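Engineer:
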Amino acid sequence: MAEVVKVSKSTQKKSILNWFLSCAVGGNYEFMHGVGFMYSMVPVVKELYPNDVEKQKETLTRHLTFLNTEPEVGTVIHGVTIAMEEQVAAGADCDADQIVGLKSALMGPLAGIGDSLIQGIIIPIVLALCIDLTNNGLVLGPIIYAVAMYAIMVGCMWACFKLGYNKGGDAIVDVMAAGTLDKIMNAAGIVGCCVMGGLIVNYVNLQCALNFTISGTEFNIQTALFDAICPKILPLLLTLACVKALRSGKKSIHIILAMVVFAIIFGLLGIFSA
39 MAEVVKVSKS
49 TQKKSILNWF
59 LSCAVGGNYE
69 FMHGVGFMYS
79 MVPVVKELYP
89 NDVEKQKETL
99 TRHLTFLNTE
109 PEVGTVIHGV
119 TIAMEEQVAA
129 GADCDADQIV
139 GLKSALMGPL
149 AGIGDSLIQG
159 IIIPIVLALC
169 IDLTNNGLVL
179 GPIIYAVAMY
189 AIMVGCMWAC
199 FKLGYNKGGD
209 AIVDVMAAGT
219 LDKIMNAAGI
229 VGCCVMGGLI
239 VNYVNLQCAL
249 NFTISGTEFN
259 IQTALFDAIC
269 PKILPLLLTL
279 ACVKALRSGK
289 KSIHIILAMV
299 VFAIIFGLLG
309 IFSA
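Residue numbering for the sequence shown follows my numbering, starting at 39 and increasing by one per position.
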């Protein structure tokens, strides 16, 4: 086997930049993120096989396969794949099936980790902070959110890429087999629930508007009953009803439409108010 030629750092950055800009471009049910992944491998393949166009075509075709993972944390796959392609270019005993098989093995678990961390924790926390800033009169709140999220996404992509590139596929698989994945998922779920609980209290508004007069005393159902039992219990019940509907297979758009109808009918009847 010839000496392994490492892909330059600038090419690695170009590869991740291509992925960042195109991971969702050309998405379809046949390839999902596969088109974006193939495009991200273009600078790598050109550096590994600078004078062999046929080899470039063969390698890029190998990576035009189904891939569905979380874009930020999923760059672990890029790092592992590029490290393996370096070995292939040096003549190592590593065929296309091994590379494609490893990608398929990693994409599901990494998607679970990434969705829990990015969508379940980081996005709600950053979004809630920027909404508060905007509500307090800071008009740059949306811009701060956009800049912060782009910085987090790029930083996470690069860190996860280097982890896969330096550690290799076997090390990543060992981490998952050791139960680290379950611990991360459980921790992410707990933090995510705490964050969502805070969001429900601050941003889901639902109150009972019914009042009764009993023996000359006004009885407000919201303050005298619901708030006495558990403050913000109605927003909590509404949120739990939406979660149950989602888990039972209802489409989100149908749930949104149902809530609109619910708000119009019960608002006009004077039963509930925001």
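Every residue gets a Cβ at the ideal spot worked out from N, C-alpha and C, and that includes glycine.
Quantities reported herein were computed from a predicted structural model and do not represent experimental measurements.
(1) Can you give the Cα-Cα distance for Ile228 and Ile159, rounded to whole angstroms?
(2) With DSSP as the reference, please indicate the residues paired to Phe58 in a beta bridge.
(3) Going by the beta-carbon positions, is the gap between Phe199 and His292 smaller than 7 Å?
(4) Assign Asn240 to one of three DSSP states: helix, strand, or coil.
(5) Compute the minimum distance between the beta carbon of Thr49 and the heavy atoms of the ligand PLP, and state whether it is under 6 Å.
(6) Spatial neighbours of Gly179 within its chain, please: CB distance less than 6 Å, with the 5 preceding and 5 following residues excluded, ordered by chain position.
(7) For Phe264, does the three-state DSSP call read helix, strand or coil?
(8) Which of helix, strand or coil does DSSP assign to Thr107?
(9) Taking the C-alpha atoms as reference points, what is the distance between Glu96 and Ala301?
(10) What do you reckon, are the CB atoms on Gly202 and Val118 nearer than 7 Å?
(11) Determine the burial state of Arg100: buried for a count of at least 16 other Cβ atoms within 10 Å of its Cβ, exposed for fewer.
(12) Cβ atoms of Val82 and Gln94: under 7 Å apart, would you say?
(13) Quick one: is Ile151 buried, meaning 16 or more other Cβ sit within 10 Å of its Cβ, or exposed?
(14) Report the partner residues of Cys246 according to the DSSP bridge assignment.
(15) So, with DSSP's three-state summary, where would you put Asn258?
(16) Applying the criterion that 16 or more other CB atoms from any shown protein chain within 10 Å of the CB defines a buried residue, is Glu256 buried or exposed?
(17) Give a yes or no on whether the C-beta atoms belonging to Ala149 and Glu110 are separated by under 7 Å.
(18) If you reduce the DSSP assignment to three classes, tell me which class Met70 lands in.
Structural biologist: Well, looking at it:
(1) 10 Å
(2) In the DSSP output, where bridge partners are listed per residue, Phe58 has none listed.
(3) no
(4) helix
(5) Ligands in the displayed structure: none, and consequently the ligand PLP is not present.
(6) Cys168, Leu171, Thr172
(7) helix
(8) coil
(9) 57 Å
(10) yes
(11) buried
(12) no
(13) buried
(14) Phe310
(15) strand
(16) exposed
(17) no
(18) strand
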